[in-house]
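Trainee: Mind having a look at this structure? Questions to follow.
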Amino acid sequence: MENKLEQLNEEMKNIALSREDKDKIREGIFSYMERHPVRNEIQVRRHSRKSMMGWLSSGYPSLFNLTHTRTMALALIIVLFLGGGVSFAADRALPGDILYPVKTEVNEEVRSWVAFGAKSGAELEADLAEERLEEAEKLALKGELDDEKSTALLAKFILHANSAKSNLKKLEEENKSKAAYEASVRHESSLEIHSEILGGLLREHESLKNLKTEVDAYANDAALVRAKVQAAVVIDKKVNTDRVARGMETASENKIGEVERYIEKQASLSETAKVGASLRLDDAKAIYAEGELKLESGAYGEAYVLFQQAKEEAEEAKRSLKTKKNLNIDAAGKVEINSETRDEEVKAGGLSESGATTSAVGRGDLRLEVEKNSERENGKIRSEGELKIDIDL
């Protein structure tokens, strides 16, 4: 116990928030506000996740035999004691690092407290599943993904992915098609991005094979769920209105502009690295244009779906570029590892994405989407071989 605290204390001495870190926090706050608008009613989310005190309680089990309420309070005390810089730095920790338990048992536990309802629960679990994938990718690139870590991360990914799936099913059962659609689109997009990068990394990192197989399976499931709720959204009376469609039109337009500016600012990345993101953004614009036509014709449900797809396609372009930059993958597929800055943002890089336009065509056409889903039912998955981390505060 003392040894762990001493190690943590040493880590704390060398931690400070950089300009980039602060920008990420601000971006995370705005992202959270966009995805979780103020509500009139608050639901208390009950969950049975392992207490974040498990790491510490191994030394003093009786001391940390707390109720959930007391655990929450103690976690907040720990966060305050460690300081915001340490808590934020822990988000970049990998399995085996001294700060990793702070990341999974404190930071992620705190995030779960504000995930009210099935939609927020689905989004959170999808984010955590993505986090486990990125951890596996980083460890593989560093040559540190042994069998034990690989098995543990695979199990945790499956746990989070199943939880996200359960929350999506609950939304379906409650006939909340709009919420289910929005959450499922984002989850599918995230899995497809990581299916691409895992496919590219498999050439040199066989340890990722089982994870890639599971990601493809869950991506297939997510696509089927999304197609199912998409059909429900189109005829949903609550969605099939001019006001709702125009609201998503504005959100989509804003997101496309935001991502366009983001790509332009990535001066550290090569033009080759940015090609894939630019193609995805072009696809988003094309889908948006289709949505405009549907809106003008009065097909509000279909317009809403297309605007939502355009918004997510643009966000996917941004996430894909951020992930490549974070993993430091260059256009040739080579990887540079700086052992001295183990968990920090690394310098420029990218991975070519020759097949980036495939998804947008399917998503942008409701008829083609059904055909593509029938292929998925026969076991086919989108092409592989390519490639937030979004902070949810």
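The sequence shown begins at 292 in my numbering and counts up one residue at a time. Backbone N, C-alpha and C fix where the C-beta goes; we use that ideal spot for every residue, glycine too. Being a predicted model, the structure only gives us computed values, none of them experimental.
1) Here's a check: name, in chain order, each residue in its chain whose Cβ is nearer than 6 Å to the Cβ of Glu-635, leaving out the five neighbours to either side.
2) Measure the C-alpha to C-alpha separation of Tyr-591 and Gly-582 and round it to an integer number of angstroms.
3) Can you tell me whether Leu-584 is buried or exposed? The criterion is at least 16 other CB atoms within 10 Å of its CB, across all chains shown.
4) Any idea if Lys-313 is buried or exposed, counting beta-carbon neighbours within 10 angstroms, 16 or more meaning buried?
5) Excluding sequence positions up to five away, which residues of its chain have a Cβ less than 7 Å from the Cβ of Ala-471?
6) Quick check on DSSP: helix, strand or coil for Glu-435?
7) Any heavy atom of the ligand PLP closer than 8 Å to the CB of Val-535?
8) By the 10 Å Cβ neighbour count, where 16 or more other Cβ atoms means buried, how is Arg-571 classified, buried or exposed?
9) What residue does the alpha helix (DSSP H) around Leu-597 start on, and which one ends it?
10) Where does Ile-333 land, buried or exposed, given buried means 16+ other C-beta within 10 angstroms?
11) Could you tell me if Ala-536 is buried or exposed, where buried requires 16 or more neighbouring beta carbons within 10 angstroms of its beta carbon?
12) In whole angstroms, what separates the C-alpha of Lys-615 from that of Arg-383?
13) I need the boundaries of the alpha helix (DSSP H) containing Glu-570, first residue and last residue.
14) Here's a check: name, in chain order, each residue in its chain whose Cβ is nearer than 8 Å to the Cβ of Tyr-391, leaving out the five neighbours to either side.
15) Under 9 Å between the Cβ atoms of His-496 and Leu-444?
16) Assuming Val-530 and Tyr-595 form a contact by the criterion Cβ under 8 Å, report the distance between their Cβ atoms to the nearest whole angstrom.
17) Within 10 angstroms of the Cβ of Val-405, are there 16 or more other Cβ atoms? Answer buried if so, exposed if not.
18) So, using beta-carbon positions, are Ser-475 and Ala-513 closer together than 9 Å?
19) Do Ser-457 and Ala-417 have their CB atoms nearer than 9 Å?
20) Considering only C-alpha positions, which residue in the set Asp-527, Gln-599 and Leu-489 is nearest to Gly-538?
21) Taking DSSP as the reference, what is the three-state secondary structure of Arg-517?
22) Where do the ends of the alpha helix (DSSP H) carrying Val-550 lie?
23) So the candidates are Arg-494, Ala-608, Tyr-553 and Ala-446; which of them puts its Cα closest to the Cα of Leu-432?
Mentor: For this structure:
1) For this step, residue 635 is matched to residue 344 along the sequence shown. In this predicted model, Glu-635 has a pLDDT of only 36, less than 50, meaning its place in the structure is not dependable enough to derive any value.
2) For this step, residue 591 is matched to residue 300 along the sequence shown. For this step, residue 582 is matched to residue 291 along the sequence shown. Cα to Cα, the separation comes out at about 9 Å.
3) Stepping through the sequence shown from its first residue, residue 584 is reached at position 293. Under this definition Leu-584 is an exposed residue.
4) Numbered from 1 along the sequence shown, position 22 holds the residue referred to as residue 313. Since pLDDT at Lys-313 reaches only 49, below the 50 mark, its modelled position is unreliable, and no value is offered.
5) On the sequence shown, position 180 is the one that residue 471 refers to. Excluding residues within five positions, the ones whose Cβ falls inside 7 Å are Leu-459, Leu-462, Glu-463 and Val-520.
6) Locating residue 435 in the sequence shown gives position 144, counting from the first residue. DSSP places Glu-435 in coil when its eight states are reduced to three.
7) Annotation note on the ligand PLP: not contained in the displayed structure, which lists no ligands.
8) Residue 571 sits at position 280 when you count from the first residue of the sequence shown. With 16 or more other Cβ atoms within 10 Å, it is buried.
9) As a position in the sequence shown, residue 597 is number 306, starting the count at 1. From DSSP, the alpha helix (DSSP H) with Leu-597 extends over 591-618.
10) On the sequence shown, position 42 is the one that residue 333 refers to. Note on Ile-333: pLDDT 37, under 50, position unreliable in the model; the coordinate value appears next. Label assigned to Ile-333: exposed.
11) Residue numbering aside, residue 536 sits at position 245 when the sequence shown is read from its first letter. Under this definition Ala-536 is a buried residue.
12) Locating residue 615 in the sequence shown gives position 324, counting from the first residue. Locating residue 383 in the sequence shown gives position 92, counting from the first residue. Rounded to whole angstroms, Lys-615 to Arg-383 spans 15 Å at the Cα level.
13) By 1-based counting over the sequence shown, the position of residue 570 is 279. The sequence shown places Leu at residue 570, not Glu. Run containing Leu-570: 562-588, per the alpha helix (DSSP H) assignment.
14) As a position in the sequence shown, residue 391 is number 100, starting the count at 1. Closer than 8 Å at the Cβ level, and outside the excluded window around Tyr-391, lie Ala-381, Ala-384 and Leu-385.
15) Along the sequence shown, one-based indexing puts residue 496 at 205. Along the sequence shown, one-based indexing puts residue 444 at 153. Cβ atoms of His-496 and Leu-444: not closer than 9 Å.
16) Along the sequence shown, one-based indexing puts residue 530 at 239. Along the sequence shown, one-based indexing puts residue 595 at 304. With 8 Å as the limit, Val-530 and Tyr-595 qualify as a contact, their Cβ atoms being about 5 Å apart.
17) Against the sequence shown, residue 405 aligns to sequence position 114. Label assigned to Val-405: exposed.
18) Mapped onto the sequence shown, residue 475 falls at position 184. Mapped onto the sequence shown, residue 513 falls at position 222. Result yes, Cβ atoms of Ser-475 and Ala-513 sit closer than 9 Å.
19) The count along the sequence shown starts at 1 and reaches residue 457 at position 166. The count along the sequence shown starts at 1 and reaches residue 417 at position 126. Not closer than 9 Å, so no.
20) Numbered from 1 along the sequence shown, position 247 holds the residue referred to as residue 538. The option with the nearest alpha carbon to Gly-538 is Gln-599.
21) What you label residue 517 is simply residue 226 of the sequence shown in a count that begins at 1. Helix at Arg-517.
22) Within the sequence shown, numbered from 1, the residue matching residue 550 stands at position 259. Where Val-550 is concerned, the enclosing alpha helix (DSSP H) stretches over 533-556.
23) To locate residue 432, count along the sequence shown from 1; it is residue 141. It is Arg-494 whose Cα lies nearest to the Cα of Leu-432.
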